[in-house]
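Here is the structure we will look at.
Protein chains: 2
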Amino acid sequence: MPPDRISATYRIETAHPIGRAVESMAGEQSTGTFVRVPGETDALRERFGARVERVTELEDADGPSLPGSRPPGGAGAAPRFRRAEVVLSWPLENVGPSLPNLLATVAGNLFELSAFSGLKLVDLDLPPAFGEAYPGPQFGPEGTRRLSGVEGRPIIGTIIKPSVGLAPGETAALVGTLIEAGIDFVKDDELMANPPHSPLGRRVEAVMRVVNDHADRTGKKAMIAFNITDEIDAMRRHHDAVLDAGGTCVMVSLNGVGLAGVAHLRSHSQLPIHGHRNGWGIYARHPMLGMEFAAYSTFYRLAGADHLHCNGLRNKFCEPDDSVVASARRCLAPLFGRRVMPVIASGQWAGRAGETYERIGSIDLMHVCGGGIMAHPDGVAAGVLSLRQAWEAALSGTPADEYARARPELRRALEAFGP
Amino acid sequence: MPPDRISATYRIETAHPIGRAVESMAGEQSTGTFVRVPGETDALRERFGARVERVTELEDADGPSLPGSRPPGGAGAAPRFRRAEVVLSWPLENVGPSLPNLLATVAGNLFELSAFSGLKLVDLDLPPAFGEAYPGPQFGPEGTRRLSGVEGRPIIGTIIKPSVGLAPGETAALVGTLIEAGIDFVKDDELMANPPHSPLGRRVEAVMRVVNDHADRTGKKAMIAFNITDEIDAMRRHHDAVLDAGGTCVMVSLNGVGLAGVAHLRSHSQLPIHGHRNGWGIYARHPMLGMEFAAYSTFYRLAGADHLHCNGLRNKFCEPDDSVVASARRCLAPLFGRRVMPVIASGQWAGRAGETYERIGSIDLMHVCGGGIMAHPDGVAAGVLSLRQAWEAALSGTPADEYARARPELRRALEAFGP
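So the protein lines, in turn, are chains A and B. Each step along the first sequence adds one to the number in full-length UniProt numbering, with nothing skipped, and position 368 is 368. Each step along the second sequence adds one to the number in full-length UniProt numbering, with nothing skipped, and position 134 is 134.
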């Protein structure tokens, strides 16, 4: 793609001739409307019109994937629903390097077009101007390692459970147990931000007292991702409270805050931003509607997330393993020279380490285990150890059950959570 | 619902026993996780657990609406996919009155749960604390009428076309033609915000010179919705530029800016916020995935939108008329005492006025016609007149074709765009 063009890949499904359908996408998202208007000169269309770069036909669908499409020829005909992967491009000057406006151009009204019975934004390829306008992740894997003091293996983490209901002192006590057990990283649940029963300021104070005490004694400071999801000014205050208390990470619900909010936080932040994608299922769940992770993550990486949730292998949700692996690898492929740290979470425990390493092929990830640490039969310390041992096994190329023979924590985890 | 509880209505589809599936939704979004953890005491669950308020079974689905669900009993069984409408509630103290965090609680991970082959957030019922924390629309229909000087009929508007490619002077010339023709309202396209080829500052200056000149001469100032979609600080600057130039409206792409960004703009704004929902198809297109307008609009009304796009009757997109009508009526039902102005747009022209009035039952709307004004065979002035005449007919209960006999502009519109 030339350096001054924005390009987007889609998977589409239509009962109309594909060429004409794709031209209508390009028209709708650039100079065209449903009738030719006086100002739409040939010169204007030549300069500002979106261009169809590539159309690759895929296998037909059995029937329409989404309701509401209007096949040609009316209700009587028996339409054929063709699928294709298509690439459109736009001149950068149509939009400028602005993420909120990019969304309107590459996504926007497209999902409502009646010519399509399926339309998914698959990927984006952006000109360097976006990398200049947006600094992207400030810390990424390297900065996160530096702050958490973990080298040579993934960052092993867990999540505060129950998700809601604990008072600040109770959360601090639980964090105390976890860091005594050697945990690297602890995150708030996405359901717990700044509610009346656990105001963020009091939680930060109580938790960081425990974290700082431990760091003073041992030299190891666990990274705590405090959920600062909130309105703009409140997020800045929350960030400052975490920073002032010696904290090393803030977390936000990306879809709740939105692109402009995350980018604003990035411009203010002195801490890694842990990006939680809850609500992601709306974009991801249907194969012919919404947005794939490659496109979605491009937006939030540029906006400044340092960590991005990717689910985990054999997660408790609907996402297939191949999709998890592709997402994590995408995070680790530089975008304008910067990588983001994939967060492998959901249904995770020691038994997933080997396969995770094998398939993702990197240690630059956060391996976040809830029940897999908290519900270890010998307690959380054994839970944390079981994860470290499992990664030692993976990194040395030793099968986990063999490595577990002399390591009771890993052995007990395999017995408790294994098949 | 008691005044201290948040309540959400969903349409779900599951091959699991409905009671158990719904309990898993409630658990996932409050105190539960996939294993019982030590801190989840009965007292904590009693106080913070989400509650199932109602389950109404609907007709079964023929098969799974979405891929990825895991029916009980494994692959061999022939599962029955049951549908139901369910209401869950949460104590306000789980979340506090925060929209970005409310989204994580009522939507969040739910769409990924493997027990469901369909899940749609239908509606929300929020406690008064949200109405106190968020001022909502600052202008609404009343303030918009005051600023645009239109009483006794809908606000008649159009959109700048071509969507992209016009230079500021060309946009100003087109606006000049439109306001000479008597238009009430003109909006930028969602594809046109602050691109290099038409910087917002220069566009505002050029357009407002024309608008202010006309207002000085005639006393009528057309409302121009300048698309200020951008990052937080830039949106503030753009808003101030519009205000300083005498402008009376700003427009944002809601999904591009996000909840925190829109609420921040509202806290700063002295102008009505025209809320464009492009990207809405991701939420709306599938009947068993995403969010209905009733829920979606609740978020952006509280965040501060004064106008909300609802599509129009017989629009060029996929949305059925019943959905358009329900959305517009929902905008006109007060939320914490405040209404938002529905924007009826897409495929609109004079011939839609009668049915729009009949079905929505209000004149408190913006009727935005692109081609229906711009492509009128006798020019834009005739296009604007045809809309005014069509609404006169509708409001006096006269059939449009009868009213058109003595009114050539309406008659020519009916001839050109009618069936």
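Just so you know, even glycine gets a beta-carbon here, dropped at the ideal spot from N, CA and C.
Rounded straight-line distance, which links the Cα of residue j to that of residue i
i, j, result
"Ala284/A", "Val106/B", "18 angstroms"
"Tyr134/B", "Arg339/A", "37 angstroms"
"Gly182/A", "Gly312/A", "22 angstroms"
"Val37/A", "Ile18/A", "25 angstroms"
"Asp184/B", "Pro399/B", "24 angstroms"
"Ile363/A", "His274/A", "18 angstroms"
"Leu289/B", "Lys120/A", "14 angstroms"
"Pro272/B", "Glu85/B", "36 angstroms"
"Gly136/A", "Gly143/A", "13 angstroms"
"Leu365/B", "Asp233/A", "33 angstroms"
"Arg217/A", "Ile179/A", "12 angstroms"
Close-in-space but distant-in-sequence residues of the same chain around residue i (CB under 7 angstroms, 5 per side omitted)
i, result
"Glu190/B", "Asn227, Ser253, His276, Asn278"
"residue 420/A", "The requested residue 420/A is not part of the displayed model; chain A covers only 1 to 419."
"Val95/A", "Ile6, Asn101, Leu102, Thr105"
"Ser117/B", "Glu13, Thr14, Ala15, Pro64, Ser65, Leu66, Ser69, Phe81"
"Ala375/A", "none"
"Leu332/B", "Arg339, Pro342, Ser362, Asp364"
Sequence-distant residues of the same chain with beta carbon closer than 6 angstroms to residue i, five excluded per side
i, result
"Ala416/B", "Pro377"
"Ala115/B", "Thr14, His16, Ala21, Ser24"
"Ala353/B", "Ala390, Trp391, Ala394"
"Pro97/A", "Ala129, Phe130, Ala133"
"Met235/A", "Ile228, Leu265"
"Arg411/B", "Ala404"
Beta-carbon proximity list for residue i, same chain, < 8 angstroms, skipping 5 on both sides
i, result
"Pro128/B", "Pro3, Phe336"
"Gly281/B", "Phe317, Cys318"
Cβ of residue i within 8 angstroms of any chain A Cβ
i, result
"Pro17/B", "no"
"Ile25/B", "In the sequence under discussion, the amino acid at residue 25/B is Met, which differs from the Ile named in the question. Answer no: the Cβ-Cβ gap between Met25/B and chain A never drops below 8 angstroms."
"Ala336/B", "Note that residue 336/B corresponds to Phe in the displayed sequence, not to Ala. So no, Phe336/B is outside the interface."
"residue 447/B", "Chain B is shown from 1 up to 419; residue 447/B falls before or after that span and cannot be answered."
"Ile273/B", "no"
"residue 429/B", "With chain B represented from 1 up to 419, any question about residue 429/B goes unanswered, as that position is not in the structure."
"Ser269/B", "no"
"Met208/B", "no"
"Arg301/B", "no"
"Gly169/B", "no"
"Gln138/B", "no"
"Gly290/B", "yes"
"Thr31/B", "yes"
"Leu44/B", "yes"
"Pro287/B", "yes"
"Arg47/B", "yes"
Contact with chain B by residue i, beta-carbon distance below 8 angstroms
i, result
"Pro127/A", "no"
"Ala294/A", "no"
"Gln389/A", "no"
"Leu365/A", "no"
"Tyr10/A", "no"
"Pro419/A", "no"
"Leu114/A", "At residue 114/A the sequence reads Ser, which differs from the Leu that was named. Closer than 8 angstroms to some Cβ of chain B, the Cβ of Ser114/A qualifies, so yes."
"Val52/A", "no"
"Phe111/A", "yes"
Contacts that residue i makes with chain C (C-beta to C-beta distance below 8 angstroms)
i, result
"Leu174/A", "Considering every chain present, this structure includes no chain C. Its protein chains are A and B."
Taking three-plus beta-carbon pairs below 8 angstroms as touching, is the region 298-312 of chain B in contact with the region 248-268 of chain B?
-> yes
Touching by the beta-carbon criterion (3+ pairs, under 8 angstroms), the region 144-158 of chain B and the region 218-226 of chain B | yes
Take every Cβ of the region 15-27 of chain B, pair it with every Cβ of the region 50-59 of chain B, and state whether three or more of those distances are shorter than 8 angstroms.
-> Yes, since at least three Cβ pairs between the region 15-27 of chain B and the region 50-59 of chain B fall closer than 8 angstroms, the two stretches touch.
Per the contact definition of three or more C-beta pairs closer than 8 angstroms, is the region 311-327 of chain A in contact with the region 153-169 of chain A?
-> no
For the region 193-205 of chain A against the region 241-250 of chain A, are there 3 or more C-beta pairs whose distance is under 8 angstroms?
-> Yes: the two stretches touch, three or more of their Cβ pairs being nearer than 8 angstroms.
Would you call the region 286-297 of chain A and the region 78-85 of chain B touching, i.e. three or more CB-CB distances under 8 angstroms?
-> no
Along the region 236-266 of chain B, what residues have a CB closer than 7 angstroms to any CB found in chain A?
-> Ser253, Asn255, Gly256, Val257, Gly258, Leu259, Ala260, Gly261, Ala263, His264
Listed from N- to C-terminal order along the chain, which residues in the UniProt region "Disordered" (58-78) of chain B have their beta-carbon within a distance smaller than 7 angstroms of any beta-carbon of chain A?
-> Leu66, Pro67, Gly68, Ser69
Please list the residues of the region 313-324 of chain B that have a C-beta atom closer than 8 angstroms to any C-beta atom in chain A, keeping them in chain order.
-> Lys316, Phe317, Cys318, Glu319, Pro320
Residues of the region 144-167 of chain A with Cβ closer than 8 angstroms to any Cβ of chain B, in chain order | Lys161, Pro162, Ser163, Val164, Gly165, Leu166
Output, in sequence order along the chain, the residues in the region 86-108 of chain B whose CB is closer than 7 angstroms to any CB in chain A.
-> Glu93, Asn94, Val95, Gly96, Ser98, Pro100, Asn101, Leu103, Ala104, Thr105, Ala107, Gly108
Members of the region 349-378 of chain A near chain B, C-beta cut-off 8 angstroms | Gly370, Gly371, Met374, Ala375
Contacting positions in the region 221-234 of chain A - beta carbon closer than 9 angstroms to chain B = Those would be Asn227, Thr229, Asp230, Glu231, Ile232, Asp233, Ala234, in chain order.
Could you run through the region 187-208 of chain A and flag, in chain order, every residue whose CB is less than 7 angstroms away from some CB of chain B?
-> Glu190, Leu191, Ala193, Asn194, Pro195, Pro196, His197
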